[in-house]
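To start, the structure itself, in structure tokens.
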Amino acid sequence: MISRAPSSVVRFAAAELSVAILALVYVLAVLPFCPELATRDQAFAVLLNAAPLLVLALGQSFALLIGGIDLSVSGVISLSGVVGAMILTRDDGALADSSLAIPVALLVMLLIGGVAGATQGAAVAYWELPAFIVTMCGMMALGGVAVWLTGGERLGGLSLPLLDAMQGDWLHVPVMLWIAAALAIVCHLLLQHTVLGKHLYAVGHNARAARVAGISLGRVTCFAYGAAGTCSALAALLYTCRTESATPSFAREILLDAIGAAVIGGVSLSGGRVSVVGIVCGALLITLVGNSLTLLNLDYWHVLMAKGGVILVAALLDAARRGVVGGRA
Amino acid sequence: MKALLPSLLVAWACLVTLSCGTPTNEPDQTTIGVAFETLQTEYWVASLDAMKAEMAKRDVRVLEAVADGDPNRQLEQVQSFIARKVDGIIVVPKDAESVIPMIRAANKAKIPIVLYNRGPGEGAGPCVTVVADNRAITRDTVRRMIAAAGERSKPLQGMILIGDLGDSNAIERRAGFDEAIAESNGAVEVLARVPTEWNQEKALAGVTNALQANPDMEFVFTSSDFLFPSIVAALKNADKYHPIGHERHVILGGFDGDATAYRMLQDKYLDADGVQDVYFECSQAVDAVLKMSRGETVEPVLQDPGVVIHQGNLDQESHRMWGAQTAAKQP
Numbered sequence: 062m063i064s065r066a067p068s069s070v071v072r073f074a075a076a077e078l079s080v081a082i083l084a085l086v087y088v089l090a091v092l093p094f095c096p097e098l099a100t101r102d103q104a105f106a107v108l109l110n111a112a113p114l115l116v117l118a119l120g121q122s123f124a125l126l127i128g129g130i131d132l133s134v135s136g137v138i139s140l141s142g143v144v145g146a147m148i149l150t151r152d153d154g155a156l157a158d159s160s161l162a163i164p165v166a167l168l169v170m171l172l173i174g175g176v177a178g179a180t181q182g183a184a185v186a187y188w189e190l191p192a193f194i195v196t197m198c199g200m201m202a203l204g205g206v207a208v209w210l211t212g213g214e215r216l217g218g219l220s221l222p223l224l225d226a227m228q229g230d231w232l233h234v235p236v237m238l239w240i241a242a243a244l245a246i247v248c249h250l251l252l253q254h255t256v257l258g259k260h261l262y263a264v265g266h267n268a269r270a271a272r273v274a275g276i277s278l279g280r281v282t283c284f285a286y287g288a289a290g291t292c293s294a295l296a297a298l299l300y301t302c303r304t305e306s307a308t309p310s311f312a313r314e315i316l317l318d319a320i321g322a323a324v325i326g327g328v329s330l331s332g333g334r335v336s337v338v339g340i341v342c343g344a345l346l347i348t349l350v351g352n353s354l355t356l357l358n359l360d361y362w363h364v365l366m367a368k369g370g371v372i373l374v375a376a377l378l379d380a381a382r383r384g385v386v387g388g389r390a
Numbered sequence: 003m004k005a006l007l008p009s010l011l012v013a014w015a016c017l018v019t020l021s022c023g024t025p026t027n028e029p030d031q032t033t034i035g036v037a038f039e040t041l042q043t044e045y046w047v048a049s050l051d052a053m054k055a056e057m058a059k060r061d062v063r064v065l066e067a068v069a070d071g072d073p074n075r076q077l078e079q080v081q082s083f084i085a086r087k088v089d090g091i092i093v094v095p096k097d098a099e100s101v102i103p104m105i106r107a108a109n110k111a112k113i114p115i116v117l118y119n120r121g122p123g124e125g126a127g128p129c130v131t132v133v134a135d136n137r138a139i140t141r142d143t144v145r146r147m148i149a150a151a152g153e154r155s156k157p158l159q160g161m162i163l164i165g166d167l168g169d170s171n172a173i174e175r176r177a178g179f180d181e182a183i184a185e186s187n188g189a190v191e192v193l194a195r196v197p198t199e200w201n202q203e204k205a206l207a208g209v210t211n212a213l214q215a216n217p218d219m220e221f222v223f224t225s226s227d228f229l230f231p232s233i234v235a236a237l238k239n240a241d242k243y244h245p246i247g248h249e250r251h252v253i254l255g256g257f258d259g260d261a262t263a264y265r266m267l268q269d270k271y272l273d274a275d276g277v278q279d280v281y282f283e284c285s286q287a288v289d290a291v292l293k294m295s296r297g298e299t300v301e302p303v304l305q306d307p308g309v310v311i312h313q314g315n316l317d318q319e320s321h322r323m324w325g326a327q328t329a330a331k332q333p
């Protein structure tokens, strides 16, 4: 009698690597039209383009894991980016000529993200407000403060040592890739191998049961949104260093890409399920679609159509995959 | 089902690719990458069309990309052009600062780069900029509006619709407006500054509120013509939308030169409009990038002086108004 239960290897492949397989299939499908995609430069370009999106998607996954959502991404990016730039700018930055400029700016940027996120988490947990409303207000308020601080003007002329460091390589790999990879490893370890990670899963699976089990919903929720905000601030650093400027009105569409990458990577919108490996593959796939269709000279609208299609197919695949993992297929 | 899903993905990718047409590679044909920050308004659409028409005249192949307001995405698109080894790049940047890494990437790849409509910030590498003089055109437009007030009692109660303050063009137009108001010796008292972020809904709400707060408003300038539908709707609701000569006519002015503004000028509802000469600017941009790709030298800034079109010169100058030609194509 042949067993119908999938082997452990198949289960792992189905659960963790199906998006990577999707990406490979996609590359094979477009490669005949777009041979540049197979070059080393383009491969690095895709990885580098995916780095800030990966950071955002990892942050978003903390909020999604506990059954919430963080819409304040663009607000946090705008505010932490412009505040960092106001400290760092070469000519009239608050610490323009000081050796402390870079560490202070980085610390302040991350603090803004963390504090803004944790505050929103507290509003969700203790005032029992819907995360959608709280973080939407956060997006508007933080973005508004960024416009107020700058008078709406984009800030450039950032510290050259910071730009050199962030745009440089280490061991022939771009520094931004190292940062994104390090964050992914930290998130994986935190989620899979710590008590806090187990608490996050527990709250996402069933908040009421988690509370009965003695888990502090307030602290876990504050941490999840704080982590999401900190990741948004880190993404702001990457975007700011890539574009060598900080904008008070950051593109709000980036939120959709971040959620798309997380969903493609197998993160459940109803909470309780996350895979860092899947998110890495999801961010890569979204970036790959954008890059390849630009190389193919397609309009941006067609890129959006393709992204929508990829996310839809990934969601379908995810549904089937859960069937495999649960032994229902 | 599981085996079917990857196939669905491939099918989707192929469908999108085929539906849009795959690129044809002719090795000897000059290829120019054109990266637009947005196609949000008629002006950008007309610019892209004019640029493509210029390229077609010269048998140049165009690769086009739109970043939808995201400078990071635009950087990725420029990098893709470089990967495709284009002969030149024309960028419509979101702002002066974020275009600097794009210029650096193009310079590193020894690909000429031209900036259309917005110039670069300090420290940018070699590039050519084709840009309208936003401040001067706006100042002249507002001067013309003040002149149109004639013998009306002063000060006129005025309003300006401001664009996205992250956009250097919006800032320059606001500055041009303020300069004209300052030199008018109190002819206009600005009672409302409506922030629109280049958004119709925000413009409609802002103008409606301003008209309710200041029912005697009689002087309105918009930093972009594409906001006129919102202004007209709000004025009609307040029974203040009347042609020139009517006692309740509100003096109107705008910037861009789109089809709506052209029709409003024709119908005598609009007093003055600052016009960017899209055809001149696109021709200059394409000329510049092709010359640079052949190794020729081009001036770093090519300026479009623009023109103010008003009731006194509409017939003579309308051929310079891109909106007149767009309007002729529309039903």
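Listed in order, the protein sequences are those of chains A and R.
Here the first sequence stands for residues 62 to 390, numbered as in our numbering.
Here the second sequence stands for residues 3 to 333, numbered as in our numbering.
By construction, the Cβ of each residue, glycine as well, lies at the ideal position given by its N, Cα and C atoms.
Write down the C-beta distance between glutamate 305 of chain A and leucine 210 of chain A rounded to the nearest angstrom, noting that I regard them as a contact closer than 8 Å.
The residue given as residue 305 of chain A occupies position 244 in the first sequence. The residue given as residue 210 of chain A occupies position 149 in the first sequence. Contact flag wrong, Cβ pair sits at about 19 Å.
For a quick check, are the C-beta atoms of leucine 295 of chain A and cysteine 95 of chain A less than 9 Å apart?
Walking along the first sequence from the start, residue 295 of chain A turns up at place 234. Walking along the first sequence from the start, residue 95 of chain A turns up at place 34. Not in contact: leucine 295 of chain A and cysteine 95 of chain A (Cβ atoms no closer than 9 Å).
Taking arginine 195 of chain R as part of the alpha helix (DSSP H), name the residues at either end of that continuous run.
Residue 195 of chain R sits at position 193 when you count from the first residue of the second sequence. It is not in any alpha helix (DSSP H) - arginine 195 of chain R instead sits in the beta strand (DSSP E) that spans 190 to 197.
At a CB-CB cut-off below 8 Å, which residues of chain R make contact with leucine 356 of chain A?
Within the first sequence, numbered from 1, the residue matching residue 356 of chain A stands at position 295. Within chain R, the residues near leucine 356 of chain A are Ser82, Ala85 and Arg86.
Where does threonine 26 of chain R land, buried or exposed, given buried means 16+ other C-beta within 10 angstroms?
As a first step, residue 26 of chain R must be located in the second sequence, where it is residue number 24. Note that threonine 26 of chain R scores a pLDDT of 47, beneath 50, so its modelled location is shaky; the value from the coordinates is reported in the next line. Looking at its Cβ environment, which holds fewer than 16 other Cβ atoms inside 10 Å, threonine 26 of chain R is exposed.
Return the chain-ordered ranges of every alpha helix (DSSP H) run that is complete within the stretch 143 to 212 of chain A and spans a minimum of 4 residues.
You should have 162 to 187 and 192 to 211.
Of the listed residues R:Val144, R:Asp269 and R:Ser155, nearest to aspartate 275 of chain R (C-alpha basis)
Locating residue 275 of chain R in the second sequence gives position 273, counting from the first residue. It is R:Val144.
Identify the continuous beta strand (DSSP E) that holds glutamine 42 of chain R and give its terminal residues.
By one-based count along the second sequence, residue 42 of chain R stands at place 40. Looking at the DSSP string, glutamine 42 of chain R is not in any beta strand (DSSP E), and its letter there is neither H nor E.
For chain R, is any of its Cβ atoms less than 9 Å away from the one on glutamate 180 of chain A?
On the first sequence, position 119 is the one that residue 180 of chain A refers to. The question names glutamate, but residue 180 of chain A is threonine in the sequence shown. By this cut-off, threonine 180 of chain A is not an interface position.
Can you check whether the C-beta of isoleucine 315 of chain A is within less than 9 Å of a C-beta belonging to chain R?
Translated into the one-based positions of the first sequence, residue 315 of chain A becomes position 254. At least one CB atom of chain R sits nearer than 9 Å to the CB of isoleucine 315 of chain A.
Proximity to leucine 254 of chain R [Cα-Cα], best of R:Arg322, R:Gly35, R:Phe230 and R:Ser186
Taking the first residue of the second sequence as 1, we reach residue 254 of chain R at position 252. When each option's Cα is compared against that of leucine 254 of chain R, the closest is R:Phe230.
If serine 100 of chain R and proline 128 of chain R are in contact, beta carbons under 8 Å, what's the gap, nearest whole angstrom?
Start at 1 with the first residue of the second sequence, and residue 100 of chain R comes out as number 98. Start at 1 with the first residue of the second sequence, and residue 128 of chain R comes out as number 126. Incorrect: roughly 18 Å between the Cβ atoms, too far for contact.
The beta strand (DSSP E) spanning phenylalanine 257 of chain R covers which residue range?
Taking the second sequence and counting its residues from 1, one reaches residue 257 of chain R at position 255. Residues 253 to 258.
Can you list, in chain order, the residues of its chain whose CB lies under 6 Å from that of asparagine 352 of chain A, leaving out five sequence neighbours each side?
One-based indexing of the first sequence puts residue 352 of chain A at position 291. The beta carbon of asparagine 352 of chain A sits closer than 6 Å to those of Val107, all from its chain and outside the five residues before and after it, given in chain order.
DSSP beta-bridge partners of threonine 224 of chain R
Here the question's residue 224 of chain R lines up with position 222 in the second sequence. According to DSSP, which records beta bridges pairwise, threonine 224 of chain R is partnered with R:Leu163.
Smallest Cα separation from tyrosine 278 of chain A: which of A:Leu172, A:Gly145, A:Phe105 and A:Gly129?
To locate residue 278 of chain A, count along the first sequence from 1; it is residue 217. This sequence places leucine at residue 278 of chain A; tyrosine is not what is there. It is A:Gly129 whose Cα lies nearest to the Cα of leucine 278 of chain A.
Go ahead and label serine 122 of chain A buried or exposed: buried means 16 or more other beta carbons lie within 10 angstroms of its beta carbon, across all protein chains shown.
Numbered from 1 along the first sequence, position 61 holds the residue referred to as residue 122 of chain A. Buried: at least 16 other Cβ atoms inside 10 Å.
Please classify glutamate 124 of chain R as buried or exposed, where buried requires at least 16 neighbouring CB atoms within 10 angstroms.
In the second sequence, counting from the first residue as 1, residue 124 of chain R sits at position 122. Around the beta carbon of glutamate 124 of chain R, fewer than 16 other beta carbons sit within 10 angstroms, so the residue counts as exposed.
Closest residue to alanine 235 of chain R among R:Ala205, R:Ala149, R:Ala261 and R:His248 (Cα-Cα distance)
One-based indexing of the second sequence puts residue 235 of chain R at position 233. From the listed residues R:Ala205, R:Ala149, R:Ala261 and R:His248, the smallest Cα separation to alanine 235 of chain R is found for R:Ala205.
Between the stretch 282 to 293 of chain R and the stretch 172 to 186 of chain R, do at least 3 Cβ pairs fall closer than 8 Å?
No contact exists between the stretch 282 to 293 of chain R and the stretch 172 to 186 of chain R.
Is glutamate 203 of chain R helix, strand or coil by DSSP?
Within the second sequence, the letter at position 201 stands for residue 203 of chain R. The DSSP-derived three-state label of glutamate 203 of chain R is helix.
Kindly indicate if chain R contains any beta-carbon less than 9 Å away from that of alanine 255 of chain A.
For the purposes of this step, residue 255 of chain A is identified with residue 194 of the first sequence, where counting begins at 1. In the sequence as presented, alanine is not what sits at residue 255 of chain A; that position holds threonine. Not one chain R Cβ lies under 9 Å of threonine 255 of chain A.
Whole-Å CB distance - serine 310 of chain A paired with glycine 204 of chain A, under 8 Å assumed
Numbered from 1 along the first sequence, position 249 holds the residue referred to as residue 310 of chain A. Numbered from 1 along the first sequence, position 143 holds the residue referred to as residue 204 of chain A. Contact flag correct, Cβ pair sits at about 7 Å.
Should tyrosine 300 of chain A be flagged as near chain R, meaning a C-beta pair shorter than 9 Å?
On the first sequence, residue 300 of chain A is found 239 positions in, with the first residue counted as 1. For tyrosine 300 of chain A, the answer is yes, since a Cβ of chain R falls inside 9 Å of its Cβ.
Going along chain R in order, which residues have a C-beta closer than 8 Å to the C-beta of alanine 162 of chain A?
Mapped onto the first sequence, residue 162 of chain A falls at position 101. Taking a Cβ-Cβ threshold of 8 Å, none of the residues of chain R is close to alanine 162 of chain A; the smallest such distance is about 18 Å.
Does the Cβ of isoleucine 138 of chain A have 16 or more other Cβ atoms within 10 Å, making it buried, or fewer, making it exposed?
Mapped onto the first sequence, residue 138 of chain A falls at position 77. Buried.
Any Cβ of chain A within less than 9 Å of the Cβ of lysine 96 of chain R?
What you label residue 96 of chain R is simply residue 94 of the second sequence in a count that begins at 1. Answer yes: the Cβ-Cβ gap between lysine 96 of chain R and chain A drops below 9 Å somewhere.
Just the chain A side, please: which residues come within less than 7 Å of leucine 193 of chain R by C-beta, in chain order?
By 1-based counting over the second sequence, the position of residue 193 of chain R is 191. Within 7 Å Cβ-Cβ: nothing; leucine 193 of chain R doesn't reach chain A, min ~21 Å.
On the DSSP letters alone, give me the boundaries of the alpha helix (DSSP H) that histidine 312 of chain R sits inside.
Translated into the one-based positions of the second sequence, residue 312 of chain R becomes position 310. Element bounds for histidine 312 of chain R: not the alpha helix (DSSP H) but the beta strand (DSSP E), 309 to 312.
Just to make sure I have the definition right: I need the residues of chain R whose C-beta is within less than 8 Å of the C-beta of alanine 398 of chain A. Which are they?
An answer regarding residue 398 of chain A cannot be provided, because it is not within the stretch 62 to 390 covered by chain A.
Indicate the three-state DSSP secondary structure (helix, strand or coil) for aspartate 279 of chain R in the structure shown.
Residue numbering aside, residue 279 of chain R sits at position 277 when the second sequence is read from its first letter. In the structure shown, aspartate 279 of chain R sits in coil (DSSP, three-state: anything other than H, G, I, E or B).
Are the CB atoms of valine 132 of chain R and glutamate 319 of chain R nearer to each other than 9 Å?
Here residue 132 of chain R refers to the residue found at position 130 when the second sequence is read from its first residue. Here residue 319 of chain R refers to the residue found at position 317 when the second sequence is read from its first residue. In terms of Cβ geometry, valine 132 of chain R and glutamate 319 of chain R do not form a close pair [threshold 9 Å].
What separation, rounded to the nearest whole angstrom, lies between the Cα atoms of asparagine 119 of chain R and aspartate 102 of chain A?
Locating residue 119 of chain R in the second sequence gives position 117, where the first residue counts as 1. Locating residue 102 of chain A in the first sequence gives position 41, where the first residue counts as 1. CA-to-CA, the gap between asparagine 119 of chain R and aspartate 102 of chain A works out to about 30 Å.
6 Å CB neighbourhood of alanine 367 of chain A in its chain, flanking five on each side removed:
Counting from 1 along the first sequence, the entry for residue 367 of chain A is found at position 306. Contacts found: Val350 and Leu354.
In chain A, what lies closer than 7 Å to leucine 65 of chain R by C-beta?
Indexing the second sequence from 1 puts residue 65 of chain R at position 63. Ordered by position in chain A, the residues that pass the 7 Å Cβ test against leucine 65 of chain R are Asn358.
For chain R, find out if any of its Cβ atoms is closer than 9 Å to the Cβ of serine 306 of chain A; answer yes or no.
Taking the first sequence and counting its residues from 1, the one referred to as residue 306 of chain A is at position 245. Chain R contact via Cβ: present.
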